[in-house]
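Below is one structure; the comments refer to it alone.
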Amino acid sequence: MADEIERKFLVNEGWQPQHEGVRIAQGYLSSIPERTVRVRIKGDKGYLTVKGRNEGIRRLEFEYEIPCEDAEALLKLCEQPLIEKMRYLETVGGFTWEVDVFAGANAGLRVAEIELPAVDTPFEKPDWAGQEVSGDARYYNSSLIRQPYRLWKNEL
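Residues 2 to 157 in this note's numbering are what the sequence shown lists, from first letter to last.
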């Protein structure tokens with residue numbers, strides 16, 4: 002059993018990638034809040050991930066590498082639209098931040114996540130990390146398939 006402790010922030014306009022990113026395509030076999038079942042192709046690898054309900058910034062997470070061909074077949078069974086994004090890794094203060102730049106139905110959305118070893122772990126917030134949205138369910142990838150960013154971004 003593994004806990005995922007994650008904080009999520011919007012990315013300010015001035016941010017530019019410092020390294021090459023990796024393309025991610027992901028879909029959900031189940032997107033209900035009690036348990037999400039995600040299929041992901043990240044670069045040339047496939048993954049199956051099961052996550053429990055969020056409890057603040059913590060939840061259970063189980064992730065398994067699967068053959069890429071299986072992931073491609075499973076994506077065809079997933080709820081639509083798929084999540085499409087480029088992921089960039091940034092190191093700040095000894096922690097790795099994952100900066101996701103969304104495409105497709107969620108184009109224009111840029112979110113940075115940091116995984117922490119404990120809920121109360123201090124960390125340095127970079128200048129390019131803007132408003133925290135950790136508790137805002139609209140920014141969960143599993144929510145973005147039901148209500149894509151392009152449909153609500155003008156409300157912000």
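In this text, a Cβ means the ideal position worked out from N, Cα and C, and glycines have one as well.
Just so you know, these numbers come straight off a predicted model, no measurement behind them.
> Touching or not, the stretch 65-84 and the stretch 23-34, by the rule of three or more beta carbon pairs under 8 Å?
Replying inline: Judged by Cβ distances under 8 Å, the stretch 65-84 makes contact with the stretch 23-34, as three or more pairs qualify.
> How big is the Cα-Cα spacing for R8 and I58?
Replying inline: So the two alpha carbons sit approximately 6 Å from each other.
> According to the neighbour-count rule (16 or more other Cβ atoms, all chains shown, within 10 Å of its Cβ), is L78 buried or exposed?
Replying inline: Its Cβ having fewer than 16 others within 10 Å, L78 is exposed.
> Relative to the alpha-carbon of R39, which residue among F103, I146, D45 has its alpha-carbon at the smallest distance?
Replying inline: The residue with the shortest Cα to Cα distance from R39 is I146.
> DSSP on Y89, reduced to helix/strand/coil?
Replying inline: If DSSP states are grouped into helix, strand and coil, Y89 belongs with the strands.
> Counting along the chain, where does the beta strand (DSSP E) carrying S31 start and finish?
Replying inline: Segment 23-33, the beta strand (DSSP E) holding S31.
>> Quick test of your reading: V158 and G109, contact by CB under 8 Å. State the CB separation rounded to the nearest angstrom.
In response: Since the first and last residues shown for the chain are 2 and 157, residue 158 lies out of range.
> L49: which of A138, G95, C69, Q148 sits nearest, CA to CA?
Replying inline: Ranking the options by Cα distance to L49, first place goes to C69.
> Straight-line CA distance for E125 to T97?
Replying inline: Straight-line measurement puts the Cα of T97 at about 11 Å from the Cα of E125.
> What number of angstroms, rounded off, separates the C-alpha of L76 from the C-alpha of G22?
Replying inline: Looking at the two C-alpha atoms, the distance is approximately 21 Å.
> What is the residue span of the beta strand (DSSP E) that W98 lies within?
Replying inline: Per DSSP, W98 belongs to the beta strand (DSSP E) from 96-104.
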